[in-house]
Amino acid sequence: MKGTVLTMKKLMLGNEAVARGLYEAGVTFASSYPGTPSTEITEYFSNHEDVHAEWAPNEKVACEAAFGASLAGARSFSAMKHVGLNVAADLLYSVSYTGVNGGMVVAVADDQGMHSSQNEQDSRNHAKGAKIPMLEPSDSGECRDYAKLAYEISEKFDTPVFLRTSTRVAHSQSLVEEEERVLPPKKPYEKNVAKYVMMPAMARPRHKIVEERTKKLAAWAASSGLNKIIPGSEKIGVIAAGIAFQYAKEALGDRATYLKLGMVYPLSAEEIRAFAAKVEKLYVIEELDPFIEDFCHAAGVECEGKSLFSLCGEYTPAMIRKAILGEDSPAPAPAAIPVRPPVLCPGCPHRGIFYVLHKMKLTVSGDIGCYTLGATAPLSSVDSTIDMGESVSGLHGFLTADPSMEDKAVAVIGDSTFVHSGITGLINAVYNQSNVTVLILDNSITGMTGHQQNPCTGLTLQNKPTHALDLEALCHAVGVRRVSTVDPYDLEKTEAILTEELQAKEPSVIIVKRPCALLKWVKRLPPVSVDPDKCRKCRKCMSVGCPAVLFSKETGASIDRTLCVGCGLCEKLCPFGAIEGGNA
Amino acid sequence: MMKKDILIVGVGGQGSLLASRILGALFLSQGLDCKLSEVHGMSQRGGSVVTYVRAGENVSSPMVSDGEADLVISFEALEALRYAHTLKKGGTLVYSTQEIMPMPVITGAAAYPDDIASRLAAFDLKVLAFDAESAAEKAGNGRAANVALLGAASPIIGGTPEEWEAVIRATVPPKFVDVNLRAFALGLEEAKKG
Ligand SMILES: Cc1ncc(C[n+]2csc(CCOP(=O)(O)OP(=O)(O)O)c2C)c(N)n1
Numbered sequence: 141m142k143g144t145v146l147t148m149k150k151l152m153l154g155n156e157a158v159a160r161g162l163y164e165a166g167v168t169f170a171s172s173y174p175g176t177p178s179t180e181i182t183e184y185f186s187n188h189e190d191v192h193a194e195w196a197p198n199e200k201v202a203c204e205a206a207f208g209a210s211l212a213g214a215r216s217f218s219a220m221k222h223v224g225l226n227v228a229a230d231l232l233y234s235v236s237y238t239g240v241n242g243g244m245v246v247a248v249a250d251d252q253g254m255h256s257s258q259n260e261q262d263s264r265n266h267a268k269g270a271k272i273p274m275l276e277p278s279d280s281g282e283c284r285d286y287a288k289l290a291y292e293i294s295e296k297f298d299t300p301v302f303l304r305t306s307t308r309v310a311h312s313q314s315l316v317e318e319e320e321r322v323l324p325p326k327k328p329y330e331k332n333v334a335k336y337v338m339m340p341a342m343a344r345p346r347h348k349i350v351e352e353r354t355k356k357l358a359a360w361a362a363s364s365g366l367n368k369i370i371p372g373s374e375k376i377g378v379i380a381a382g383i384a385f386q387y388a389k390e391a392l393g394d395r396a397t398y399l400k401l402g403m404v405y406p407l408s409a410e411e412i413r414a415f416a417a418k419v420e421k422l423y424v425i426e427e428l429d430p431f432i433e434d435f436c437h438a439a440g441v442e443c444e445g446k447s448l449f450s451l452c453g454e455y456t457p458a459m460i461r462k463a464i465l466g467e468d469s470p471a472p473a474p475a476a477i478p479v480r481p482p483v484l485c486p487g488c489p490h491r492g493i494f495y496v497l498h499k500m501k502l503t504v505s506g507d508i509g510c511y512t513l514g515a516t517a518p519l520s521s522v523d524s525t526i527d528m529g530e531s532v533s534g535l536h537g538f539l540t541a542d543p544s545m546e547d548k549a550v551a552v553i554g555d556s557t558f559v560h561s562g563i564t565g566l567i568n569a570v571y572n573q574s575n576v577t578v579l580i581l582d583n584s585i586t587g588m589t590g591h592q593q594n595p596c597t598g599l600t601l602q603n604k605p606t607h608a609l610d611l612e613a614l615c616h617a618v619g620v621r622r623v624s625t626v627d628p629y630d631l632e633k634t635e636a637i638l639t640e641e642l643q644a645k646e647p648s649v650i651i652v653k654r655p656c657a658l659l660k661w662v663k664r665l666p667p668v669s670v671d672p673d674k675c676r677k678c679r680k681c682m683s684v685g686c687p688a689v690l691f692s693k694e695t696g697a698s699i700d701r702t703l704c705v706g707c708g709l710c711e712k713l714c715p716f717g718a719i720e721g722g723n724a
Numbered sequence: 026m027m028k029k030d031i032l033i034v035g036v037g038g039q040g041s042l043l044a045s046r047i048l049g050a051l052f053l054s055q056g057l058d059c060k061l062s063e064v065h066g067m068s069q070r071g072g073s074v075v076t077y078v079r080a081g082e083n084v085s086s087p088m089v090s091d092g093e094a095d096l097v098i099s100f101e102a103l104e105a106l107r108y109a110h111t112l113k114k115g116g117t118l119v120y121s122t123q124e125i126m127p128m129p130v131i132t133g134a135a136a137y138p139d140d141i142a143s144r145l146a147a148f149d150l151k152v153l154a155f156d157a158e159s160a161a162e163k164a165g166n167g168r169a170a171n172v173a174l175l176g177a178a179s180p181i182i183g184g185t186p187e188e189w190e191a192v193i194r195a196t197v198p199p200k201f202v203d204v205n206l207r208a209f210a211l212g213l214e215e216a217k218k219g
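Now the structure itself:
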């Protein structure tokens with residue numbers, strides 16, 4: 141189905157282009173959980189009037205909802221970051237067996253170089269594991285094209301389809317041509333127990349169908365024009381996909397012939413063997429795992445890949461030029477200067493709580509969100525951070541193994557993260573009777589990923605009012621009797637409550653409540669100021685790591701008035717009353 | 026073949042996205058292929074950020090390799106030094122002399138270098154430094170520092186005054202157009218002063 145071409149080409153973010161492709165393909169249902177670098181797909185998609193787009197509490201719920209919509213006959217979608225796919229994997233490994241009714245596509249964004257992630261796993265391994273075909277665009281134009289094509293593949297081959305991006309594709313802009321939206325006729329729902337009820341007797345024949353489908357898909361990709369040969373010198377042959385293809389093209393230009401893969405799973409041994417036969421020396425250029433390379437070796441195709449290139453981080457054209465052509469980069473060495481890591485914003489409500497945790501020298505089971513920055517100096521108060529929700533379940537294991545830590549250890553978890561997967565850990569702690577102390581840092585938003593609404597905020601993705609989850613009632617309902625709420629700007633009270641709850645011989649939850657200082661509806665107070673006559677240069681105000689508080693040995697503390705939001709935290713800490721004017 | 030490889034660098038939250046989008050619109054209006062690479066997420070929280078802008082007949086990688094940039098525009102002095110090595114020999118560095126302290130400096134673990142200008146001189150570059158924030162304040166709004174920097178870099182970037190005005194009008198919210206046009210002109214004056 142081809143729509144009419146609409147306008148001249150536009151510069152678009154990869155994520156915006158995916159959203160455009162979804163819209164043109166007639167997708168009517170999208171359910172996602174935010175995660176850098178995938179978040180903007182669902183946000184752009186939600187700007188259309190004639191679609192349903194939503195934030196789900198986590199990726200598993202989002203994908204399950206998308207599957208339900210597909211079953212009902214709609215074209216459906218879900219987006220997530222690479223680690224989100226681990227959460228959704230349970231569903232996807234079985235939807236691979238059932239197949240779909242309306243087309244279903246799952247976008248997964250990898251983060252080579254870990255710009256904003258806790259690991260750099262390669263999501264292609266999940267495509268192979270789940271036996272779900274995976275397309276990988278290399279620029280915004282292909283983001284749109286492949287998103288649309290993915291629905292045709294999904295319906296033609298009766299399978300969910302992965303669309304894999306990476307930070308540099310998702311967050312780069314390049315030219316995109318728009319077409320009109322074409323709504324496919326909605327498919328009717330028909331009950332089909334043999335296809336959709338995955339109990340052993342039904343799943344066994346479905347597995348055989350999956351294996352047949354995978355063979356057909358590999359043959360189709362090789363003949364459909366989705367995988368392309370880009371001619372150049374045949375002395376060097378390169379197999380690449382996604383952003384790595386762009387780097388290779390930049391580095392080698394027409395000094396190489398390329399097999400550019402549009403589909404990275406499944407691969408066709410015939411196609412690769414035929415390409416290998418054409419070129420003198422074959423290289424596979426792929427960031428992260430040797431996914432294509434291993435396939436080549438298994439197919440008996442000689443090639444070089446990870447013998448020359450790293451398994452870690454991002455590649456650059458210069459790296460490729462060096463490895464393959466032996467040409468050195470002309471770049472001088474970078475200057476050795478202080479690093480500039482990300483920091484908690486001025487006025488961030490998380491700052492107060494980490495100041496108190498640091499002061500009390502507690503062991504902190506951390507989680508993922510802006511508050512992970514509580515691990516960095518000078519707050520330095522997080523002991524572990526693994527995945528979303530682990531703070532609570534991990535603390536339960538920790539305290540059960542070492543009950544002597546009960547009055548010295550806490551878990552901290554954000555509101556969005558708590559709903560994502562902290563609640564199940566809390567249920568476990570209550571059920572299996574450990575005396576956890578859990579701090580839910582409720583800043584009324586999903587901050588880390590750039591301000592998405594969540595079930596606690598009372599607003600939908602479209603900022604429409606909806607039910608706001610009552611965290612206090614929820615914790616009571618799972619059996620936590622001791623639930624208190626505190627304002628993290630109130631340091632004394634925060635410390636007092638923490639001291640009390642750590643002593644309690646039962647699980648307790650402290651809801652640490654104060655909205656993110658960057659929210660539009662949060663009032664900025666006038667900046668504080670330092671009275672230089674009163675400042676004794678004790679540096680106490682520096683212990684909270686606020687970017688707005690500056691210090692010089694000569695003149696003592698001063699405030700960057702353009703950054704300060706008047707939260708008054710530094711004012712409370714000053715033993716000499718030298719700082720005034722804030723929210724103290 | 027005409028090619029432009031540009032980095033816009035600064036501290037998360039300083040408005041580099043607007044500057045890169047103005048450049049994208051400019052190159053597009055000149056009929057060039059163009060790619061921009063932006064930073065979202067964790068690195069935005071006051072960290073060091075870089076946006077790449079590439080234009081030419083046919084652009085593959087959205088990023089510029091070290092030692093190959095034609096122009097680096099920096100919103101901050103330390104960041105100018107951090108990215109100086111990304112420029113090719115004889116490339117141009119335009120930076121604002123504004124200083125923003127990174128956390129290791131705030132905590133006392135490191136010192137903010139006081140010899141940025143002389144260390145930049147060790148690279149083989151053309152350098153233009155001025156206080157873009159003051160220029161923007163003079164134009165009517167400190168937040169237009171990004172466009173003042175574009176004005177200062179515009180002789181290197183190319184484009185006629187009419188083309189620049191048109192893309193600024195098309196990219197900036199209507200009520201900020203005049204401030205930004207003034208900031209652009211003040212930046213351009215700095216470039217003429219040399
Ligand atoms: C499984 C998984 N999904 C998504 C993410 C991306 N992510 C990191 S933190 C976060 C949510 C943070 O929100 P919240 O818990 O409310 O804390 P805040 O950042 O607002 O302090 C998300 C969505 C992730 N790391 N892992």
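Going line by line, the protein sequences match chains A and B.
FYI, our numbering numbers position 387 of the first sequence as 527, with every residue one higher than the one before it.
FYI, our numbering numbers position 189 of the second sequence as 214, with every residue one higher than the one before it.
Cβ coordinates follow ideal geometry from the N, Cα and C atoms, glycine included.
Bridge partner(s) assigned by DSSP for residue i
{"i": "Ser-524 of chain A", "result": "A:Ser-505"}
{"i": "Ala-154 of chain B", "result": "B:Tyr-120"}
{"i": "Arg-747 of chain A", "result": "Chain A is shown only over 141 to 724; residue 747 of chain A falls outside these bounds and no answer can be derived."}
CB of residue i within 7 Å of CB of residue j, strictly
{"i": "Met-244 of chain A", "j": "Ser-280 of chain A", "result": "no"}
{"i": "Ser-624 of chain A", "j": "Ile-585 of chain A", "result": "no"}
{"i": "Gln-386 of chain A", "j": "Ser-86 of chain B", "result": "yes"}
{"i": "Val-227 of chain A", "j": "Asn-198 of chain A", "result": "yes"}
{"i": "Leu-665 of chain A", "j": "Gly-706 of chain A", "result": "yes"}
{"i": "Ala-169 of chain B", "j": "Ala-208 of chain B", "result": "yes"}
{"i": "Val-34 of chain B", "j": "Tyr-108 of chain B", "result": "yes"}
{"i": "Gly-212 of chain B", "j": "Leu-51 of chain B", "result": "no"}
{"i": "Cys-731 of chain A", "j": "Pro-667 of chain A", "result": "Since the first residue of chain A shown is 141 and the last is 724, residue 731 of chain A is not available in this structure."}
{"i": "Leu-48 of chain B", "j": "Val-78 of chain B", "result": "yes"}
{"i": "Glu-124 of chain B", "j": "Val-36 of chain B", "result": "no"}
{"i": "Ser-236 of chain A", "j": "Lys-271 of chain A", "result": "yes"}
Proximal residues of chain A, C-beta to C-beta of residue i below 7 Å
{"i": "Thr-196 of chain B", "result": "Chain A residues near Thr-196 of chain B: none, gap ~11 Å exceeds 7 Å."}
{"i": "Ser-41 of chain B", "result": "Correct list: empty, because the minimum Cβ distance to chain A is about 13 Å."}
Closer than 7 Å to chain A by CB, residue i
{"i": "Thr-132 of chain B", "result": "yes"}
{"i": "Ser-143 of chain B", "result": "no"}
{"i": "Met-6 of chain B", "result": "Shown here, chain B extends from 26 to 219; a query on residue 6 of chain B therefore has no answer."}
{"i": "Glu-63 of chain B", "result": "yes"}
{"i": "Leu-32 of chain B", "result": "no"}
{"i": "Lys-60 of chain B", "result": "yes"}
{"i": "Phe-81 of chain B", "result": "A small fix is needed here, since residue 81 of chain B is Gly in this sequence, not Phe. By this cut-off, Gly-81 of chain B is not an interface position."}
{"i": "Ser-179 of chain B", "result": "no"}
Below-7 Å beta-carbon distance, residue i vs any chain B residue
{"i": "Gln-313 of chain A", "result": "yes"}
{"i": "Glu-390 of chain A", "result": "yes"}
{"i": "Ala-157 of chain A", "result": "no"}
{"i": "Met-141 of chain A", "result": "Note that Met-141 of chain A scores a pLDDT of 48, beneath 50, so its modelled location is shaky; the value from the coordinates is reported in the next line. Answer no: the Cβ-Cβ gap between Met-141 of chain A and chain B never drops below 7 Å."}
{"i": "Ile-477 of chain A", "result": "yes"}
{"i": "Leu-151 of chain A", "result": "yes"}
{"i": "Gln-592 of chain A", "result": "no"}
{"i": "Arg-480 of chain A", "result": "yes"}
{"i": "Tyr-387 of chain A", "result": "yes"}
{"i": "Tyr-284 of chain A", "result": "Sequence inspection shows Arg at residue 284 of chain A; the Tyr mentioned does not correspond to that position. Judged by the 7 Å Cβ criterion, Arg-284 of chain A is not in contact with chain B."}
{"i": "Pro-667 of chain A", "result": "no"}
{"i": "Ala-219 of chain A", "result": "no"}
Chain A residues whose Cβ lies nearer than 8 Å to that of residue i
{"i": "Glu-214 of chain B", "result": "Chain A residues near Glu-214 of chain B: none, gap ~24 Å exceeds 8 Å."}
Contact list for residue i against chain B, beta-carbon separation under 9 Å
{"i": "Gly-281 of chain A", "result": "What Gly-281 of chain A touches in chain B: nothing, since even the nearest Cβ is about 11 Å away."}
{"i": "Met-682 of chain A", "result": "Ile-131, Thr-132, Gly-133"}
Partner residues on chain B for residue i, Cβ-Cβ distance less than 8 Å
{"i": "His-192 of chain A", "result": "Near His-192 of chain A there are no residues of chain B at all, since even the closest Cβ is about 25 Å away, more than 8 Å."}
Output needed in chain order: residues of the segment 446-475 of chain A with a Cβ under 9 Å from some Cβ in chain E. You won't find chain E in this structure, because its protein chains are A and B.
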